[in-house]
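Participant:
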Amino acid sequence: MTEFMPPIDDLLVTEEEANNLTYFAFAKPLNGKPHVAEPALAPTRASVGALPDVLAGRYRIERLLGAGGMGAVYRARDLLHEQFGDPDPYIALKILSEEFAESPDASALLYSEFALTRRLRHNNVLRPHTFEVDTDCQRAFITMELMRGLTLDKLLCERPLGLPWKELRDIALPLLDALAYAHARGVLHGDMKPSNVMLSEEGVRLFDFGLGQAEEGILPGLPHLSRNRFNAWTPGYAAPELLEGQPLSASADVYGVACVIYELAGGKHPFRRLPSTEARDGRLERELHAPRNLPKHCWPALRTALAFDAADRTITAAQLRDAMGATSSWLQRLRLRA
Ligand SMILES: Nc1ncnc2c1ncn2[C@@H]1O[C@H](COP(=O)(O)OP(=O)(O)OP(=O)(O)O)[C@@H](O)[C@H]1O
Ligand SMILES: [Mg+2]
1 MTEFMPPIDD LLVTEEEANN LTYFAFAKPL NGKPHVAEPA LAPTRASVGA LPDVLAGRYR
61 IERLLGAGGM GAVYRARDLL HEQFGDPDPY IALKILSEEF AESPDASALL YSEFALTRRL
121 RHNNVLRPHT FEVDTDCQRA FITMELMRGL TLDKLLCERP LGLPWKELRD IALPLLDALA
181 YAHARGVLHG DMKPSNVMLS EEGVRLFDFG LGQAEEGILP GLPHLSRNRF NAWTPGYAAP
241 ELLEGQPLSA SADVYGVACV IYELAGGKHP FRRLPSTEAR DGRLERELHA PRNLPKHCWP
301 ALRTALAFDA ADRTITAAQL RDAMGATSSW LQRLRLRA
């Protein structure tokens with residue numbers, strides 16, 4: 001029984017939340033022009049109602065934790081672990097929405113998310129448990145560690161002026177470390193945005209590799225879901241080249257994470273949450289200035305990471321982490337003198 005299931009209205013996304021969702025569409029090439037996806041597939045009454053109370057005879061769904069462009073994440077209890085006395089049998093379970101599950105690529109996309117995340121063992125990356133299928137309802141799902149905390153988009157709602165440097169640094173450095181590690185393991189994230197980073201009780205966690213990809217030669221058995229077939233993006237955080245149909249790259253992730261860090265540092269998105277192509281065409285970089293809480297010595301690196309043109313974005317996640325982690329030379333001199 002889903003005793004903790006929230007009222008159905010809570011499951012529907014607000015307009016503002018919808019702007020931050022990843023938009024999915026099966027791309028039909030329109031005379032060679034990039035396909036423009038309609039915002040779609042927010043969870044509906046039908047997609048939630050169709051879920052059984054217990055999945056795969058083992059996971060009791062308790063309540064909705066969050067919903068995105070492709071599915072929903074629930075808190076669930078692992079009844080098997082509970083039976084053997086596990087004091088904390090709670091997990092998170094990600095399942096595709098019913099509409100999305102009907103598309104032929106959907107389960108492969110979910111499996112790809114699982115396989116990419118499983119490749120990463122890092123303190124600041126979410127830990128996945130299993131990929132499973134409920135044979136009765138014919139739906140695939142992922143089980144993973146239950147993170148308890150706040151996603152950065154929620155944190156930003158609570159802190160509209162941004163975070164002071166010390167707090168910002170304690171989030172930005174682990175986040176960049178996680179991203180640099182993923183890139184070093186050949187895994188690209190593809191959807192860097194505040195709602196895909198959790199400030200949990202156990203520290204920062206990067207998650208949602210649902211649009212991720214492995215670099216050439218890594219995890220070769222994974223079905224390659226090319227963006228030509230499968231368009232998806234989050235308008236305010238995807239680099240211009242992604243919106244223009246170029247393949248995902250580490251550099252595109254750097255653009256996204258730079259937007260997130262900029263927003264945390266001053267409470268405002270660098271380009272008013274506009275799609276990056278629009279921001280570029282409107283020459284918004286001319287109005288860009290250092291966010292209020294960012295120390296001066298970090299700004300050149302962050303500004304480089306925010307370059308619209310990938311050729312000018314000459315910084316890696318590791319270099320951005322190092323630049324943000326370094327103390328300014330002025331501070332260093334002071335310390336040396338002391
Ligand atoms: N392991 C977890 N523990 C706790 N909460 C989680 C967990 N995974 C996801 N969530 C919550 O569910 C929300 C949606 O999860 P996720 O980003 O994986 O789904 P999505 O459908 O890919 O979303 P989107 O398309 O908007 O990025 C998250 O923003 C977060 O609030
Ligand atoms: Mg997400």
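Per the UniProt record's numbering, the sequence shown starts with residue 1, numbered consecutively.
For every residue, glycine included, the Cβ atom is placed at its ideal position computed from N, Cα and C.
#1: Within this structure, are the beta carbons of alanine 317 and leucine 176 separated by less than 7 Å?
#2: In whole angstroms, give me the CA-to-CA distance for glutamate 216 and proline 223.
#3: So is the beta-carbon of aspartate 253 under 6 Å away from any non-hydrogen atom of ligand 2?
#4: Can at least three beta-carbon pairs, one atom from the region 270-282 and one from the region 147-166, be found at a separation below 8 Å?
#5: Which runs of the beta strand (DSSP E) at least 3 residues long sit entirely within the region 49-88? Give them in chain order.
#6: What's the gap between the Cα of tyrosine 74 and the Cα of methionine 147?
#7: Leucine 110: which of Cys157, Pro164 and Val133 sits nearest, CA to CA?
#8: Report the option in Asp312, Cys298, Thr234 and His129 whose CA atom is closest to the CA atom of leucine 173.
#9: Can you tell me where the alpha helix (DSSP H) with valine 197 in it begins and where it stops?
#10: Would you call asparagine 123 buried or exposed, if buried means 16 or more other Cβ atoms sit within 10 Å of its Cβ?
#11: What's the call for arginine 229, buried or exposed, on a 16-neighbour Cβ count within 10 Å?
#12: For aspartate 327, count neighbouring Cβ atoms within 10 angstroms of its own Cβ and tell me buried if that reaches 16, exposed if not.
#13: Going by C-alpha distance, which of Leu168, Tyr90, Leu163 and Lys193 is nearest glycine 256?
#14: Is there contact here, the region 294-309 with the region 252-268, by at least three beta-carbon pairs under 8 Å?
#15: Within the chosen definition, does the region 129-144 reach the region 179-199 through at least 3 CB pairs nearer than 8 Å?
#16: What are the start and end residues of the beta strand (DSSP E) that includes lysine 166?
#17: Between the C-alpha atoms of alanine 76 and glycine 210, what's the straight-line distance to the nearest angstrom?
#18: Do isoleucine 95 and arginine 139 have their C-beta atoms within less than 7 Å of each other?
#19: What does DSSP give as the partner residues of glutamate 132 in its beta bridges?
Facilitator: Looking at the coordinates:
#1: yes
#2: 12 Å
#3: no
#4: no
#5: 59-67 and 71-78
#6: 11 Å
#7: Val133
#8: Cys298
#9: No alpha helix (DSSP H) holds valine 197; the beta strand (DSSP E) holding it covers 197-200.
#10: exposed
#11: Here arginine 229 scores only 49 on pLDDT, less than 50, and its place in the model is too uncertain to base an answer on.
#12: Just to set this straight, residue 327 is threonine in the shown sequence, not aspartate. Flag for threonine 327 reads exposed.
#13: Lys193
#14: yes
#15: no
#16: From DSSP, lysine 166 is part of no beta strand (DSSP E) but of the alpha helix (DSSP H) over 165-184.
#17: 20 Å
#18: yes
#19: Phe141
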